[in-house]
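>
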Amino acid sequence: DFQDKTVGLIKVEAEPIFAKEYAFNELSKALSLLRFFHCASKNPDCTCFTVPSGYSIIHARYSLMLINEMITNTKADYALTYKPWLICCSDIQNFKSNGLDILHDLINIKRNEFQDNLLNSLMLFSKCSILSDYSEKLTAIFVALESLLLKNENGQIQATISERIAFTISDNKEERKEIVQLIKGIYSLRSKFLHHGKKFDDVEKFKKFMLKIWKFFQTLIQSERSKKFQSNDAFFHWIDDKKFS
395 DFQDKTVGLI
405 KVEAEPIFAK
415 EYAFNELSKA
425 LSLLRFFHCA
435 SKNPDCTCFT
445 VPSGYSIIHA
455 RYSLMLINEM
465 ITNTKADYAL
475 TYKPWLICCS
485 DIQNFKSNGL
495 DILHDLINIK
505 RNEFQDNLLN
515 SLMLFSKCSI
525 LSDYSEKLTA
535 IFVALESLLL
545 KNENGQIQAT
555 ISERIAFTIS
565 DNKEERKEIV
575 QLIKGIYSLR
585 SKFLHHGKKF
595 DDVEKFKKFM
605 LKIWKFFQTL
615 IQSERSKKFQ
625 SNDAFFHWID
635 DKKFS
């Protein structure tokens, strides 16, 4: 059962039940952060299957064919085709240049408020990579964004989130405007799904949105090289300084 599987090794001194739970939680965290570098974190048409063993994300419909009350055929129709994630040395170097080592350090150090919130948000964001349904992906992404970018704001959620993302990833005025409009447009798609049950009608817009969100998180990860922010308030003040400078 374990042939061709990757094994996570966690060393811990504890009683067996706690050790097992601790190791599993640590492995889940590591895989969540690793999935940030999978194409499924940037492209809604991709799905990542890198999850702990036993947590299958491949849904199937099973059918039995009966003739004269005898089962003559069984069939499983899979909604997704399993595609293993093959990581080579050049991939690892690319991951490192985009912040893999930083994320490794974040897991193991005593984190400040901003680092803790960023890490939690990244793990929430990673859920979008293992989902295949656009609506579910979008919900996971906005949960991650709102957990990091909102404090006590009421009534201005779309404006607050879109502006904070725009000022984080761009110094160009026109590009910032485009990012704000893009995110507000995606919020509209989300509203249509949540309140009216409508499917997505603009897949290309969703693809652009996911690329921007990935860049947003990647920018914050890289900011950890200089330990720029100690708290969320420091991050928000930095954005305000850019807005009003």
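Numbering (our numbering), first residue to last: 395 to 639. Positions of the beta carbon are idealized from the N, C-alpha and C atoms, including for glycine. These numbers come from a predicted model, not from an experiment.
Suppose you measure from the CA of L425 to the CA of R584; what does that come to, to the nearest Å?
As a position in the sequence shown, residue 425 is number 31, starting the count at 1. As a position in the sequence shown, residue 584 is number 190, starting the count at 1. If you take the alpha carbons of L425 and R584, they lie about 27 Å apart.
> Under 8 Å by Cβ, that's how I've got L544 and N511 pegged, so tell me the actual separation to the nearest angstrom.
Position 150 of the sequence shown, counted from the start, is the residue given in the question as residue 544. Position 117 of the sequence shown, counted from the start, is the residue given in the question as residue 511. At roughly 11 Å, the Cβ-Cβ gap does not stay under 8 Å, so L544 and N511 are not in contact.
> Cα separation between D635 and A628?
In the sequence shown, counting from the first residue as 1, residue 635 sits at position 241. In the sequence shown, counting from the first residue as 1, residue 628 sits at position 234. Answer to the nearest angstrom: the Cα atoms are 10 Å apart.
> Can you tell me the Cβ-Cβ gap for I551 and I573, rounded? I've got them flagged as a contact below 8 Å.
Stepping through the sequence shown from its first residue, residue 551 is reached at position 157. Stepping through the sequence shown from its first residue, residue 573 is reached at position 179. Contact doesn't hold; Cβ gap of about 16 Å is too wide.
> Going by C-alpha distance, which of F431, N506 and A534 is nearest S484?
If you number the sequence shown from 1, residue 484 lands on position 90. Per the Cα distances, F431.
> From the DSSP secondary-structure annotation, give me the bridge partner or partners of M464.
Within the sequence shown, numbered from 1, the residue matching residue 464 stands at position 70. For M464, which the question treats as bridged, DSSP gives the partners I461.
> Do you know whose CA, among K606, L605, L539 and K609, lies nearest N626's CA?
Along the sequence shown, read from residue 1 onward, the residue named residue 626 stands at position 232. The shortest Cα separation from N626 among K606, L605, L539 and K609 belongs to L539.
> By alpha-carbon positions, which one of K571, K567 and I577 ends up nearest to S639?
Within the sequence shown, residue 639 is the residue found at index 245, counting from 1. Nearest option by C-alpha distance: K567.
> Is the region 431-442 touching the region 593-608, taking contact as three or more C-beta pairs under 8 Å?
At 8 Å Cβ cutoff, the stretches touch.
> Quick one: residues in its chain with C-beta nearer than 6 Å to the C-beta of I563, no 5 flanking neighbours on either side, listed in chain order?
Start at 1 with the first residue of the sequence shown, and residue 563 comes out as number 169. Once the five neighbours on either side are set aside, the close Cβ partners of I563 are K609, F610 and T613.
> Evaluate R619 with the Cβ neighbour count: other Cβ atoms within 10 Å of its Cβ, from every protein chain shown; 16 or more gives buried, anything less gives exposed.
For this step, residue 619 is matched to residue 225 along the sequence shown. Exposed, because fewer than 16 other Cβ atoms sit within 10 Å of the Cβ of R619.
> So, helix, strand or coil for W608, using DSSP?
Looking up residue 608 in the sequence shown gives position 214. Helix, per DSSP.
> Assuming V445 and I524 form a contact by the criterion Cβ under 8 Å, report the distance between their Cβ atoms to the nearest whole angstrom.
For the purposes of this step, residue 445 is identified with residue 51 of the sequence shown, where counting begins at 1. For the purposes of this step, residue 524 is identified with residue 130 of the sequence shown, where counting begins at 1. Confirmed, about 6 Å.
> List the whole-angstrom C-beta distance separating L458 from T468, where the pair is believed to meet the contact cut-off of C-beta under 8 Å.
Locating residue 458 in the sequence shown gives position 64, where the first residue counts as 1. Locating residue 468 in the sequence shown gives position 74, where the first residue counts as 1. That pair is a contact at about 5 Å.
> With distances taken between CB atoms, is the gap from S617 to C522 smaller than 9 Å?
Here the question's residue 617 lines up with position 223 in the sequence shown. Here the question's residue 522 lines up with position 128 in the sequence shown. It is not a contact, given that the beta carbons lie outside the stated cut-off.
> Using a Cβ-Cβ cutoff of less than 6 Å, which residues in the same chain neighbour I615 once the five nearest sequence positions on both sides are dropped?
On the sequence shown, position 221 is the one that residue 615 refers to. Around I615: G493 and I496.
> Which two residues bound the contiguous alpha helix (DSSP H) that contains E540?
Sequence index remark: in the sequence shown, residue 540 carries index 146 (1-based). Its alpha helix (DSSP H) spans residues Y528 to L543.
> For Y581, collect the residues of the same chain with a Cβ closer than 7 Å to its Cβ; drop the 5 residues on either side in sequence, then sort them by chain order.
Mapped onto the sequence shown, residue 581 falls at position 187. Q552, listed in sequence order.
> Take L500 as the anchor and find which of S515, I555 and K606 has the nearest alpha-carbon.
By 1-based counting over the sequence shown, the position of residue 500 is 106. The option with the nearest alpha carbon to L500 is S515.
> How would you call K418, buried or exposed, if buried means at least 16 neighbouring beta carbons within 10 angstroms?
Reading the sequence shown from its first residue, position 24 is the one you call residue 418. For the sequence presented, residue 418 should be read as Phe rather than Lys. Its Cβ having fewer than 16 others within 10 Å, F418 is exposed.
> Which same chain residues end up closer than 6 Å to V537 when comparing Cβ atoms and leaving out the 5 residues on each side of it in sequence?
Counting from one through the sequence shown, the residue named residue 537 turns up at place 143. So the qualifying residues of the chain are L518.
> Please state if the CB of K622 and the CB of F561 are separated by a distance shorter than 9 Å.
Locating residue 561 in the sequence shown gives position 167, counting from the first residue. Locating residue 622 in the sequence shown gives position 228, counting from the first residue. The Cβ-Cβ distance between F561 and K622 does not fall below 9 Å.
> Since E415 is in the alpha helix (DSSP H), which residue starts that stretch and which ends it?
Counted from its first residue, the sequence shown places residue 415 at position 21. Counting along the chain, the alpha helix (DSSP H) containing E415 begins and ends at P410 to L428.
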